[in-house]
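Under my numbering, residues 265 to 517 are what the sequence shown spells out, in order. Where is the CB? At the ideal position from N, CA and C, for every residue including glycine. Have a look at the structure below, then the notes.
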Amino acid sequence: MKHLTLLQDRKTPTLLIDADLFLFRASVVAEETTDWGDDIWSLSTDLKVAKQIFTDQIARFHERLGTTEALMCISCTENFRRQVLSTYKSNRKKTRKPVGYKAMVDWVRDNWESHTQINLEADDVMGILGSAPNLKTVIVSDDKDMKTIPCRLYRPNDDELIEVTKEAADRYFYTQALQGDPTDGYQGCPKVGAVTADKILGNRPDWSLVENQFIKSGLTREDAITQARLARILRFEDWDAENEGVNLWSPSR
């Protein structure tokens, strides 16, 4: 991942932008429905409008966070998690992207500093760079999954800049493994939601508590590990920089 090296010498923080999210939002706002009569409808997008919306968002982030550096993090179409579970995000295949979304992605790649890593989601790129030692970065995203990364995180919807500690990130990661995420196609532990997960983890969250809950529910240690690997947004230690590959999470690490 070339940006692990490229970001090292920067004196001001680099914003790791969740480009997937903000491009989607800009494209949705710019999309228009037209009724032509006789039961004929169409969808269209004025890309000039979408581009301006996106550009204005980035300018606001720069002003709010006091830096001019930004890296647009964009997902690869392939995803290593499908090798862990073939149905990962399979329920999203029929979800329509806004009109012009792909053109917006191409525009960002042509006009902004960006990074797409083979087999990784934008979340993983942000997670690896955002948790890398000696890099000055701020992750910019409203995705709740980014709370599983020890990092500086800016959440625009709440105008909230937070320092996510390793302890807080681990707890949220364990919570995600327990409760799952049906929108991403993994179910977690049966009958465990956020409230139950919080009770299970208590005041001293540990992987053994997660594993024991899976076993109590009639599942196995391997089932727990599979769910954790799906929930895990990659951190710096989960990336094999020499071989450009993923170190799948395991309890021993």
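(request) Could you check if Ile489 is buried or exposed, using at least 16 other CB atoms within 10 Å of its CB as the buried criterion? (result) The residue labelled residue 489 in the question sits at position 225 within the sequence shown. Answer is buried; the Cβ neighbour count reaches 16.
(message) Would Asp434 and Pro397 qualify as a contact pair, given that the criterion is a beta-carbon distance under 8 angstroms?
(response) Position 170 of the sequence shown, counted from the start, is the residue given in the question as residue 434. Position 133 of the sequence shown, counted from the start, is the residue given in the question as residue 397. Contact check for Asp434 against Pro397 fails: the beta carbons are separated by 8 angstroms or more.
(message) Excluding the 5 residues flanking Tyr436 on each side, which residues of the same chain have their C-beta closer than 7 angstroms to its C-beta?
(response) By 1-based counting over the sequence shown, the position of residue 436 is 172. Closer than 7 angstroms at the Cβ level, and outside the excluded window around Tyr436, lie Lys411 and Thr412.
(request) For my contact list, Ile392 and Phe286 are in at a C-beta cut-off of 8 angstroms; report their separation, rounded to the angstrom. (result) Within the sequence shown, numbered from 1, the residue matching residue 392 stands at position 128. Within the sequence shown, numbered from 1, the residue matching residue 286 stands at position 22. A Cβ-Cβ distance of about 19 angstroms is found for the pair Ile392 and Phe286, leaving them out of contact under the 8 angstroms criterion.
(request) Could you name each continuous alpha helix (DSSP H) segment of 4 residues or more that falls completely within the region 304-338, going from the start of the chain to the end? (result) Positions of the alpha helix (DSSP H) runs, each at least 4 residues long and wholly inside the region 304-338, are given as 311-329 in order along the chain.
(request) Grab the span of the beta strand (DSSP E) containing Ile403 for me, first residue to last. (result) In the sequence shown, counting from the first residue as 1, residue 403 sits at position 139. Looking at the DSSP string, the run of the beta strand (DSSP E) that includes Ile403 is Thr401 to Val404.
(request) Note down, in chain order, each residue of its chain lying with its Cβ closer than 6 angstroms to the Cβ of Ile479, except the 5 sequence neighbours on either side. (result) One-based indexing of the sequence shown puts residue 479 at position 215. Excluding residues within five positions, none has a Cβ falling inside 6 angstroms.
(request) Identify every residue that forms a DSSP beta bridge with Cys415. (result) As a working note, residue 415 is residue 151 in the sequence shown. Under DSSP, Cys415 takes part in a beta bridge, and its partners are Val428.
(request) Tell me whether Gly301 sits in a helix, a strand or coil according to DSSP, three-state version. (result) Counted from its first residue, the sequence shown places residue 301 at position 37. The DSSP-derived three-state label of Gly301 is strand.
(request) Scan the region 437-492 and note each continuous beta strand (DSSP E) run of 3 residues or more that stays entirely inside, going in chain order. (result) Correct list: empty.
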